[in-house]
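Right, one structure below, let's go through it.
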Amino acid sequence: GNQMEELIQENAKLKDDLKELKTRAEEFEKRERALEETLLTAKRISEQLKENTQKEANLILTEARKKASDIIAQSNEQVKEIQKTLTAIRLQRDQYISQFKALIEHHWRTLHQLTENEVKEDKNG
Numbered sequence: 043g044n045q046m047e048e049l050i051q052e053n054a055k056l057k058d059d060l061k062e063l064k065t066r067a068e069e070f071e072k073r074e075r076a077l078e079e080t081l082l083t084a085k086r087i088s089e090q091l092k093e094n095t096q097k098e099a100n101l102i103l104t105e106a107r108k109k110a111s112d113i114i115a116q117s118n119e120q121v122k123e124i125q126k127t128l129t130a131i132r133l134q135r136d137q138y139i140s141q142f143k144a145l146i147e148h149h150w151r152t153l154h155q156l157t158e159n160e161v162k163e164d165k166n167g
């Protein structure tokens, strides 16, 4: 009888131990699932951050290229304006030189005629 009681107690203890082990195994499985979910979430967040960073970098690069293009376009317009101004100044310079030459030639002819008239008067007079 005593042995039977011992077996019953041992059986009960083994059942309790088994129940405790099952409970602990379930807890470990829950923790494992939670860790896997956390890992997946971390991977998703990492991928989103990487994607967002890439998008932001592309946006910054696109904006920089547009600004550079705008600056080049403005510079080209300024060069055209400067060239127009330079052409106008050269034209004014050429006109001034032509007018000045004409004025000098006019004075030269006038002076020449005066000199010829004086020579004629000296011969006649």
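Per the numbering used here, residue 43 is the first one in the sequence shown, and the count goes up by one each step. The C-beta atom is built at its ideal place from N, Cα and C for all residues, glycine as well.
- Rounded to the nearest whole angstrom, the C-alpha separation of D58 and K92 is 50 Å.
- C-alpha of A54 to C-alpha of M46: approximately 12 Å in a straight line.
- Unbroken beta strand (DSSP E) stretches of 3 residues or longer found wholly inside the region 88-120: none.
- L56 and T65 have their alpha carbons spaced roughly 14 Å apart.
- In this model, R151 and K165 are separated by some 21 Å (Cα to Cα).
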